[in-house]
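Chains as they are written, first to last, in my numbering: chain F, 1 to 661; chain L, 1 to 329.
What follows is one structure encoded as structure tokens, with my remarks underneath.
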Amino acid sequence: MVLIFLLSQHTPFSVLRADSASEFDYTGPRCDSLVFPLITTKSAQLIALKTGEVAGMAASLWADLPLTQIPEIEKDPELSVVSTVSTTYFTMPMNCRKRPLNILEFRRALAHCIDKDYLSKTIFYGYYPSVQSCIPPAYGGDWSNPKVKDPYGFDLKRAAQLLDSIRFVDTDGNGVRNDPTTGKDLSPLRFLIPSYSPERVRMAQIISAQAKEVGIPIEVVPSELGTMIDEIQSKRTFDLCCWSYGWFPAWDNIQRVYHSAQAVPGGGNDAGYYNATWDQLIDRMMTTSNREELRDLIWKFQEWHMQYIPDYPLVLRVYLDIGSKKVDGWLTQSGVGIFNPWTYMNIRPKGVAQGGVVKIPIIFDPKHVNPTRDTTGMDNTIIQRIYDSLLTLDLERSIAPNLAKEYSIKTLDNGTMVIRFQLNTNVKWHDGQPFTSEDVKYSLESYRDKKVVVYLPYLKGMYRVEAPDKYTVDVYISSSSYTAVYNIGVLCSIVPKHIWKDIKEDWSNYDVQNPIGTGPFKFVKWAKGEYLQLDRNPDYFRSYKPKPLTFKLSLSSNIAVTFTVDGKEQKDPVSLDLPKGTHKISVPEYVTIGGERYKFVRWEDQSANPQRTIDLTGDLKVAATYEKEATGPPWGYIIAALVVVAVVSLIAVRYTRKRKQ
Amino acid sequence: MCEVALAMGFREYLARRTVYTLATVFAVITINFLIFRVMPGDPVSILVAENVIRPEMIQEVRRLYGLDLPLWEQYLLYLRNAVSGSFGFSFQYRRPVMEEILDRLPNTIALMGSATVLAIVIGILVGVVSAWKRGKRADITLLVGSLFFHSVPVYWLGILILMLFAYQLRLFPTAGTLSRPPPTEFIPLITDYLNHLVLPMLTITLVLYGTYALITRNTLIDILTQEYVTIARAKGLSKSEIMFRHAIRNAMLPLITTIAVSLGYIVGGAVMTETVFSWRGVGRMIFDSVTSRDYPMLQGAFFIISFSVILANYVADVLYGVIDPRVKY
Chain F
1 MVLIFLLSQH TPFSVLRADS ASEFDYTGPR CDSLVFPLIT TKSAQLIALK TGEVAGMAAS
61 LWADLPLTQI PEIEKDPELS VVSTVSTTYF TMPMNCRKRP LNILEFRRAL AHCIDKDYLS
121 KTIFYGYYPS VQSCIPPAYG GDWSNPKVKD PYGFDLKRAA QLLDSIRFVD TDGNGVRNDP
181 TTGKDLSPLR FLIPSYSPER VRMAQIISAQ AKEVGIPIEV VPSELGTMID EIQSKRTFDL
241 CCWSYGWFPA WDNIQRVYHS AQAVPGGGND AGYYNATWDQ LIDRMMTTSN REELRDLIWK
301 FQEWHMQYIP DYPLVLRVYL DIGSKKVDGW LTQSGVGIFN PWTYMNIRPK GVAQGGVVKI
361 PIIFDPKHVN PTRDTTGMDN TIIQRIYDSL LTLDLERSIA PNLAKEYSIK TLDNGTMVIR
421 FQLNTNVKWH DGQPFTSEDV KYSLESYRDK KVVVYLPYLK GMYRVEAPDK YTVDVYISSS
481 SYTAVYNIGV LCSIVPKHIW KDIKEDWSNY DVQNPIGTGP FKFVKWAKGE YLQLDRNPDY
541 FRSYKPKPLT FKLSLSSNIA VTFTVDGKEQ KDPVSLDLPK GTHKISVPEY VTIGGERYKF
601 VRWEDQSANP QRTIDLTGDL KVAATYEKEA TGPPWGYIIA ALVVVAVVSL IAVRYTRKRK
661 Q
Chain L
1 MCEVALAMGF REYLARRTVY TLATVFAVIT INFLIFRVMP GDPVSILVAE NVIRPEMIQE
61 VRRLYGLDLP LWEQYLLYLR NAVSGSFGFS FQYRRPVMEE ILDRLPNTIA LMGSATVLAI
121 VIGILVGVVS AWKRGKRADI TLLVGSLFFH SVPVYWLGIL ILMLFAYQLR LFPTAGTLSR
181 PPPTEFIPLI TDYLNHLVLP MLTITLVLYG TYALITRNTL IDILTQEYVT IARAKGLSKS
241 EIMFRHAIRN AMLPLITTIA VSLGYIVGGA VMTETVFSWR GVGRMIFDSV TSRDYPMLQG
301 AFFIISFSVI LANYVADVLY GVIDPRVKY
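Pasting the structure below:
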């Protein structure tokens, strides 16, 4: 009996936003240095984050921070938790090379023993929802088939019926079903689980308990990761395991995991499911140039996958990232979270436009900084800051320009596809050498000719690369393929010809000491076991240009006048954003309105000159005062004079009369 | 004549101990070789699975690391290299094994050495006070404290110390051997290093001191019941004179053995503590090497640790004979 604690649903996450994504213009970097200190436990990383020693942490990558800590972290006013639904999901591959898992009804019966919603609520506290398809919606676009839903669902009765139908019956009444071919009890199925993930161990225990109720014995075997990899991908002796799939893009996930060519040592087809029809579909997927057809094939595959379930998708992973509010520039990339290439470009200390040092912890040392070797996520965190590819993925994970400012596709009469990449002309390597089409040609041809393991699958069909001029590259592929643009453009890093041509060793094993790339950051230092430092590349082709500081200048007057600001006329009232510094303002000395003439009298600072120069160092309000000027006969004075004359005359007359009397 | 006989006896004892020690070293070397051959997981297949090498290069890699030879030939090659201190090339660090170990050893010795010495001093003091105040409140408090820290999981204690001193009080840094990036000048560099050393050292000291405290206390209690102590009391000697001039000296004997063996374990580091505090030492290197199936590194590390423990035992044996005049050869 497994004791389960049912917890309440998590509350929505706060969104960490110092910049809105719409203000990000894909330029950078905004910090002077990125430092990656090695902090080997998530608990210590969290403490370092709380003390301000580091800027953020990926809570759910490599080793999970217990999910129960997340609500507590959310209460910290200095931190924000950002959740991003990823493309990766936990799934249960079933070794179809072995009996009874090679029997479809047996696999379906096992699927009926799993209550995914229950697992999501109790093990993952609702953070990881159940997943319906091997291509979940987080892939973006329209790659996920909306019609595919998990047809199984938790139904022990149905599971029992399926097992009965294939004659796996408990003949001796000991609670364990018997194999009809041998008559013996089913041997316990070994369920391998990575021991560093207690949640997955518990999940396996629940599945085991539920399968036991229908007579399927399962032995949960928490294993060290290396041992697991060996048993699953080399020896293939496992029965069940809990793995994480979800390679991006969608066709890469399907091709890597389900093609029979991958059912070799080191390949990704863990379940060992051989299906010639699937292979044909996948081959067609990788060679079609029609996007709609590609989508239809991917949709079809999802339907088939749910019918034949060589692996049973369980729950979707959600990336939980924690960022400090003392840092500006966090950006969320669809399916990836806040630790994406654009955040590294945009991140800087709070209130700083450009500058400062940002520290992001890593949990183990990268193995290498060689883009031609296979990489873990940790290696990529560093390598992708240093090296660029021809194209990239924007925040929505759509293909965007990078080293190539544009690309075009042409299909020749013989079916050959030619991808033309037009390169940016202002790109330099970190050692100051210019980046040209020769570097691209050399890189791609070398990956093919030297059989660089990590790139070979992406260069399938590529038979020629030409550099007609310094900034144009033509890649010839023997058959049209929509996926080729992504595979070649996004997935292949470009290396400098002037350095790599002198490397005699096998590139896949070569230990790069001082990586030179075109990326936003330059390699500075790697103190293994301590930290790794990258500095901003000041010559980066997407350099950030700080916007000048501006202030608001408000101009007004008691009458409607036209102001002149730095030679440009502005009608009252005026509100302008002007850069910091001196500006000339002037108003006319006289203004006539409706026949009345007005004269400029003074500014708000009492100065009387209608022309003035201001030093703008903050928001400023300026006001001009006018007074009406008298223009016709001075009736006032005339009347006053007449009154005076009249009064004087009256006095004179009275005086004269008195004298006469 | 008696002295000559004693000297000859000691020489024979020394020779015997030396032979036993060498035999132990040889046995350890052999077990060290075999143990990694029976571990589950083939390092070359892991390299293939991680796409580091092409499947057709498996043979080449096996040849490079001597894994294609018969087991006895691998053993002879290993023996020859072990004697010359060469344990090959590390799979994960891509440098000679000894180079990596020697790079990390100073950090481990600094941490474990300082923590062990501190634990010994504190342990002895606590043990003396505890024995002195036997049965009283002080004794019970110190005893409970010693047992508590001796039993508490070091990982948990490390995190607690981190939370208190690094987070709540902000007195010390959270991780690493030095600041990232470290100071460039000498004095600030040393200060920075010591600053980072405090918390892991505190953790290990707390975990270790209990052993010495309990041994000291129990030995002293036993000694205090001896006849010569009763006579010393009858002679009118003060409590402190009895304790420090008679009792503690005799209590040191079993402690010396424990201390000598502890010092042997210093080079092995403390895996849990080094992991919690991200201290770049041999302990964490061993942990990383286990997960990476870095056989050459593991063999090198285990040999160093075994050798230092054997050596420490040898020194303890010899020292015991010198210190304790009752020991006859």
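We put the CB at the ideal spot given by N, CA and C, even for glycine.
Under 9 Å between beta-carbons, which chain L residues line up against F:Q533? List them in chain order, please.
Within the first sequence, numbered from 1, the residue matching residue 533 of chain F stands at position 533. R180 and P181, listed in chain order.
Give me the chain F residues within the contact set of L:I159, using Cβ-Cβ distance strictly less than 9 Å, ordered along the chain.
Taking the first residue of the second sequence as position 1, residue 159 of chain L is located at position 159. Neighbours of L:I159 on chain F, chain order: T41, S43, A44 and I47.
Residues of the stretch 165-177 of chain L with Cβ closer than 8 Å to any Cβ of chain F, in chain order
A166, Y167, R170, P173, T174, A175, G176 and T177
Find the nearest neighbour of L:T257 within the set L:L319, L:L224 and L:A232, judged by alpha-carbon distance.
Residue 257 of chain L sits at position 257 when you count from the first residue of the second sequence. Comparing Cα-Cα distances from L:T257 to each of L:L319, L:L224 and L:A232, the minimum goes to L:L319.
Hey, does F:V315 have any beta-carbon neighbour from chain L nearer than 8 Å?
Here residue 315 of chain F refers to the residue found at position 315 when the first sequence is read from its first residue. No - not a single Cβ of chain L is within 8 Å of the one on F:V315.
Nearest-angstrom Cα separation, counted from F:P588 out to F:T564
Your numbering for residue 564 of chain F matches position 564 in the first sequence. Your numbering for residue 588 of chain F matches position 588 in the first sequence. Roughly 9 Å separates the two Cα atoms.
With DSSP collapsed to three states, give me the class of F:W243.
On the first sequence, residue 243 of chain F is found 243 positions in, with the first residue counted as 1. In the structure shown, F:W243 sits in a strand (DSSP, three-state: E or B).
For F:I477, which residues from the same chain have a beta carbon less than 6 Å from its beta carbon, with the 5 sequence-adjacent residues on both sides left out?
On the first sequence, residue 477 of chain F is found 477 positions in, with the first residue counted as 1. Answer for F:I477: M417, G461, M462 and A484, listed in chain order.
L:L189 CB to nearest chain F CB: under 8 Å?
Working through the second sequence from its first residue, we reach residue 189 of chain L at position 189. Chain F contact via Cβ: absent.
Using the beta-carbon count (16 or more within 10 Å), is F:T91 buried or exposed?
The count along the first sequence starts at 1 and reaches residue 91 of chain F at position 91. Buried: at least 16 other Cβ atoms inside 10 Å.
Collapsed DSSP secondary structure at F:E627 in the structure displayed
Indexing the first sequence from 1 puts residue 627 of chain F at position 627. Reduced to three states, the DSSP call for F:E627 is strand.
F:V574 to F:L555 span [Cα, whole Å]:
Start at 1 with the first residue of the first sequence, and residue 574 of chain F comes out as number 574. Start at 1 with the first residue of the first sequence, and residue 555 of chain F comes out as number 555. C-alpha separation (whole angstroms): 5 Å.
For L:S289, go through chain F and note every residue whose CB falls closer than 8 Å to its CB, in chain order.
Looking up residue 289 of chain L in the second sequence gives position 289. Ordered by position in chain F, no residue passes the 8 Å Cβ test against L:S289, which lies about 11 Å from the chain.
With a cut-off of 8 Å, does the C-beta of L:Q92 fall near any C-beta of chain F?
Here residue 92 of chain L refers to the residue found at position 92 of the second sequence. Cβ-Cβ to chain F under 8 Å: yes for L:Q92.
Please compile the residues from chain L whose C-beta is within a distance smaller than 8 Å of the C-beta of F:D511.
Indexing the first sequence from 1 puts residue 511 of chain F at position 511. Neighbours of F:D511 on chain L, chain order: R94.
So, helix, strand or coil for L:Y20, using DSSP?
The residue given as residue 20 of chain L occupies position 20 in the second sequence. DSSP places L:Y20 in helix when its eight states are reduced to three.
Going by the CB atoms, is the gap between L:M272 and L:G158 shorter than 8 Å?
Position 158 of the second sequence, counted from the first residue, corresponds to residue 158 of chain L. Position 272 of the second sequence, counted from the first residue, corresponds to residue 272 of chain L. Yes, the pair counts as a contact, with Cβ atoms nearer than the cut-off.
Taking the alpha-carbon positions, what's the F:D152 to F:G489 distance?
Taking the first sequence and counting its residues from 1, the one referred to as residue 152 of chain F is at position 152. Taking the first sequence and counting its residues from 1, the one referred to as residue 489 of chain F is at position 489. Checking the sequence, you will find Tyr at residue 152 of chain F rather than Asp. Whole-angstrom Cα-Cα distance: 39 Å.
Answer yes or no: do L:G66 and L:Q74 have a C-beta to C-beta separation smaller than 8 Å?
Residue mapping note: residue 66 of chain L aligns to position 66 of the second sequence, counting from 1. Residue mapping note: residue 74 of chain L aligns to position 74 of the second sequence, counting from 1. The answer is yes: Cβ separation under 8 Å.
In the DSSP assignment, what are the bridge partners of F:W526?
If you number the first sequence from 1, residue 526 of chain F lands on position 526. Per DSSP, F:L532.
Is F:D283 near F:G215, with beta carbons less than 8 Å apart?
Here residue 283 of chain F is taken as the residue at index 283 of the first sequence, counted from 1. Here residue 215 of chain F is taken as the residue at index 215 of the first sequence, counted from 1. Not a contact, by the Cβ cut-off of 8 Å.
What residue range is occupied by the uninterrupted beta strand (DSSP E) comprising F:F563?
Taking the first sequence and counting its residues from 1, one reaches residue 563 of chain F at position 563. Segment T562 to V565, the beta strand (DSSP E) holding F:F563.
Give every residue of the same chain whose Cβ lies closer than 8 Å to the Cβ of L:T141, excluding the five residues on either side of it in the sequence, and list them in chain order.
Within the second sequence, numbered from 1, the residue matching residue 141 of chain L stands at position 141. Contacts found: none.
As a quick exercise: from F:I593, F:V465, F:T332 and F:P548, pick the residue whose alpha carbon is nearest that of F:L578.
On the first sequence, position 578 is the one that residue 578 of chain F refers to. Nearest C-alpha to F:L578: F:P548.
Determine whether the Cβ of L:R293 lies closer than 8 Å to any Cβ atom of chain F.
Here residue 293 of chain L corresponds to residue number 293 of the second sequence, with the count starting at 1. Judged by the 8 Å Cβ criterion, L:R293 is in contact with chain F.
Judging by CA-CA distance, which residue of F:G594, F:A404 and F:Q611 is the nearest neighbour of F:R602?
Against the first sequence, residue 602 of chain F aligns to sequence position 602. Among F:G594, F:A404 and F:Q611, the Cα nearest to that of F:R602 belongs to F:Q611.
Taking 8 Å as the CB-CB cut-off, is F:T51 touching chain L?
Along the first sequence, read from residue 1 onward, the residue named residue 51 of chain F stands at position 51. Chain L, which has a Cβ nearer than 8 Å to the Cβ of F:T51, makes this yes.
Could one say the Cβ of L:M112 lies closer than 8 Å to chain F's Cβ atoms, at least one of them?
Your numbering for residue 112 of chain L matches position 112 in the second sequence. Not closer than 8 Å to any Cβ of chain F, the Cβ of L:M112 fails to qualify, so no.
Check distances from the C-beta atoms of the stretch 212-223 of chain F to those of chain L and list, in chain order, the residues that come in under 7 Å.
none
F:Q262 to F:Y458, Cα distance in whole Å?
As a position in the first sequence, residue 262 of chain F is number 262, starting the count at 1. As a position in the first sequence, residue 458 of chain F is number 458, starting the count at 1. C-alpha separation (whole angstroms): 14 Å.
Apply the 10 Å Cβ neighbour rule to F:G594 and answer buried if 16 or more other Cβ atoms are within range, or exposed otherwise.
Start at 1 with the first residue of the first sequence, and residue 594 of chain F comes out as number 594. Exposed.
Taking the alpha-carbon positions, what's the F:L294 to F:D394 distance?
As a working mapping, residue 294 of chain F is identified with position 294 in the first sequence. As a working mapping, residue 394 of chain F is identified with position 394 in the first sequence. Taking the straight line joining both Cα atoms gives about 21 Å.
Where F:D252 falls, given that 16 or more other Cβ within 10 Å makes a residue buried
Indexing the first sequence from 1 puts residue 252 of chain F at position 252. It is buried - the Cβ of F:D252 has at least 16 other Cβ atoms within 10 Å.
Measure the C-alpha to C-alpha separation of F:E72 and F:Y319 and round it to an integer number of angstroms.
Position 72 of the first sequence holds residue 72 of chain F. Position 319 of the first sequence holds residue 319 of chain F. Using only the alpha carbons, I get a separation of about 17 Å.
What's the C-alpha gap between F:R348 and F:P198?
Counting from 1 along the first sequence, the entry for residue 348 of chain F is found at position 348. Counting from 1 along the first sequence, the entry for residue 198 of chain F is found at position 198. Rounded to the nearest angstrom, the two C-alpha atoms are 35 Å apart.
Report yes if the CB atom of F:S289 is closer than 8 Å to the CB atom of F:Y455, and no otherwise.
For the purposes of this step, residue 289 of chain F is taken as residue 289 along the first sequence, with counting starting at 1. For the purposes of this step, residue 455 of chain F is taken as residue 455 along the first sequence, with counting starting at 1. It is not a contact, given that the beta carbons lie outside the stated cut-off.
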